[in-house]
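Working notes, structure below.
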Amino acid sequence: MIPRPKPKKFRLRRTMMFMNAQKPKLIRDAYIYGCDSIILDLEDAVAENQKDAARFSLYHALKNIDYGDTEVIVRINGLDTPHWQEDIRCVVAGGADGLRIAKCESADDVRQVEAHVLAAEREFGVEEGRTLLMAALESPKGIMNAYDIVTASPRMFGCAISGGDFRKSMHVQIVRGGIEMLTARGLVLLAARAAGVQCFDTMYPFIDDTEGFEAEVRQNREMGFDGKSIVNPRQIRYVHETFAPTEKEIAYAEKLIRSFNEQANQGVGVYTVDGKMVDIPFFEDAHRVLALAKACDVYRGDL
Amino acid sequence: MEIKKYAVAGTAESCDVQVSVEPSSAGLSVQVKSRVMNRYGRQIKITVLETLNRLGVTSGCITVNDQGALDFTIKARVECVVFRSIDASEKDIPWGGIVQ
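These protein sequence lines are chains A and B, in that order. Read left to right, the first sequence gives residues 797 to 1099 (the working numbering). Read left to right, the second sequence gives residues 13 to 112 (the working numbering).
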């Protein structure tokens, strides 16, 4: 049995890669690709008559595979199915880092899942509060309730938009430039930032359309997402590179931190760096940039 | 546990194993077919028998068609098929108990 360290609520999650929990070949190799998180899927990837088999397969994978630093999240079946309660028992007993609530629409959904997670932690002697939660927002209602959802439990580390179902309910198709998802992405990002949790964009379904994928990843970063769902290992590298801070951003962050210390000692609150006015929020953001640069292994300085 | 009816679990995909069970009055029989029979046939049978023993299965006809599955996949499929044979695979699984 491989004991996993206690999951961290805040960590690097640039890529979350989906894997069908029913397929031994996929779950066995999942961690070697170097994505930040893997999502073992009990939901849509698993046929309705194989839900039971997928749980047995998942339980043993969790107990036997050393996933190393890769975070292991399990996507459970929706609360409108007969499967989710046993999914939760299996996930908690197996010791996954967290679970993703599919088709989450309200704070009540979160509280219902949390109650079952807690019961399972007690049943299987798992440390209470260990199992983290994230919400997949897949419907207009879920998006509208995003803030209530992400603040419904201290276990919540973030939320993700799920574009497939969402686009269907909005009667739109995927469009270059992302105009069809713009409002939803913006609302979910606002809710996540207001709650102080992370926010992840939906996966890009056209594996062979590199140009479209890369454009979407760049837009994700410009909008402020922390990471992205992915469905193929080929998509990992570009996301990691794009989400890493640039040299320019790192140099600016360093300059800010060094100058802030000097100014603060002289009793100055707001001042200018390179002709741009800065104050305390800039300083905090500079620390975030350096922390991210270190996590992405692109920082070579001494701060 | 007692095997009550025919059941099957697993697929014929690479790295998987398909296991089927049937009730039997003549004790326990385990038939293994594997594409890595020469090297791992004996180990596969040991894993199957250990898992059946843990589940308290003492009779039945068990057929194993292996496509190069790892040990824990074999365990997962054997457990699933035994629970399916008594219609108990969908909920209240004793995770960490006889399933381990």
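The beta-carbon is built from N, C-alpha and C at its ideal position, and this holds for glycine as well.
Residue 1086 of chain A by DSSP, collapsed to three states: which one? helix
Quick one: give me the first and last residue of the beta strand (DSSP E) that residue 835 of chain A is part of. 833-837
Which residues, in order along the segment 62-78 of chain B, keep a beta-carbon less than 9 Å from a beta-carbon of chain A? none
Nearest-angstrom Cα separation, counted from residue 1004 of chain A out to residue 998 of chain A: 17 Å
Under 9 Å, CB to CB, which of the residues in the segment 25-47 of chain B have a partner in chain A? 25, 26, 27, 28, 29
Tell me which residues of the segment 807-820 of chain A have at least one Cβ-Cβ distance to chain B shorter than 8 Å, keeping chain order. 819, 820
Can you grab the Cα-Cα spacing for the pair residue 953 of chain A / residue 935 of chain A, in whole Å? 20 Å
Report the three-state DSSP secondary structure of residue 812 of chain A (helix, strand or coil). strand
Nearest CA to the CA of residue 61 of chain B: which residue from B/42, B/79, B/111? Selected option, being the one with the closest Cα: B/42.
Coil, strand or helix - residue 982 of chain A by DSSP: Under the three-state reduction of DSSP, residue 982 of chain A is assigned to helix.
Would you say residue 54 of chain B reaches chain A, if we count a Cβ-Cβ gap shorter than 8 Å as a contact? no
At 9 Å on the CB atoms, spell out the chain A contacts of residue 98 of chain B, in chain order. Here the premise fails: no neighbours, minimum Cβ distance about 12 Å.
Could you tell me the distance, in whole angstroms, from the CA atom of residue 44 of chain B to the CA atom of residue 858 of chain A? 26 Å
Residues bridged to residue 977 of chain A [DSSP beta-bridge criterion]: Note: residue 977 of chain A sits in no beta bridge, so no partner.
What does residue 824 of chain A touch in chain B if you count any residue whose Cβ is under 7 Å from its own? 27, 82
I need the DSSP call for residue 1017 of chain A, collapsed to helix, strand or coil. helix
Judging by CA-CA distance, which residue of A/845, A/820, A/816 is the nearest neighbour of residue 1160 of chain A? Nothing about residue 1160 of chain A can be read from this structure; chain A reaches only from 797 to 1099.
Is residue 75 of chain B near residue 32 of chain B, with beta carbons less than 8 Å apart? yes
Residue(s) in a DSSP beta bridge with residue 1068 of chain A: A/1073
Neighbour-count burial assignment, residue 828 of chain A, 16 or more Cβ in a 10 Å radius: exposed
In terms of DSSP beta bridges, what is residue 956 of chain A paired with? Residue pairing by DSSP places residue 956 of chain A opposite A/932, A/996 in a beta bridge.
Pick from B/47, B/107, B/91: whose alpha carbon is nearest that of residue 20 of chain B? B/91
Buried or exposed, going by whether 16 or more other CB atoms sit within 10 Å of the CB of residue 1086 of chain A? buried
How big is the Cα-Cα spacing for residue 861 of chain A and residue 852 of chain A? Their backbone Cα atoms lie some 14 Å apart in a straight line.
Residue nearest to residue 810 of chain A in terms of C-alpha spacing, selected from A/1044, A/992, A/1022: A/1022
If you measure from the beta carbon of residue 105 of chain B to each beta carbon in chain A, is any gap under 8 Å? yes
Please report whether the beta-carbon of residue 111 of chain B lies at a distance below 8 Å from any beta-carbon of chain A. yes
Test item: CB-CB of residue 86 of chain B and residue 48 of chain B under 8 Å: no
Go ahead and pull the three-state DSSP assignment for residue 861 of chain A. DSSP places residue 861 of chain A in coil when its eight states are reduced to three.
Is DSSP giving residue 1059 of chain A helix, strand or coil here? helix
Looking at C-alpha atoms only, which residue of A/983, A/1002, A/916 is the closest neighbour of residue 995 of chain A? A/983
Would you kindly report the start and end of the unbroken beta strand (DSSP E) that includes residue 1024 of chain A? For residue 1024 of chain A, the enclosing beta strand (DSSP E) begins and ends at 1023-1026.
Is it true that the segment 862-873 of chain A meets the segment 885-898 of chain A, where meeting means three or more beta-carbon pairs spaced less than 8 Å apart? yes
What residues in its chain sit with their C-beta under 8 Å from that of residue 1053 of chain A, if we drop five residues either side in the sequence? 1079, 1082, 1083, 1086, 1099
Using beta carbons (cut-off 8 Å, strictly below), is residue 882 of chain A in contact with chain B? Yes, because at least one Cβ of chain B sits closer than 8 Å to the Cβ of residue 882 of chain A.
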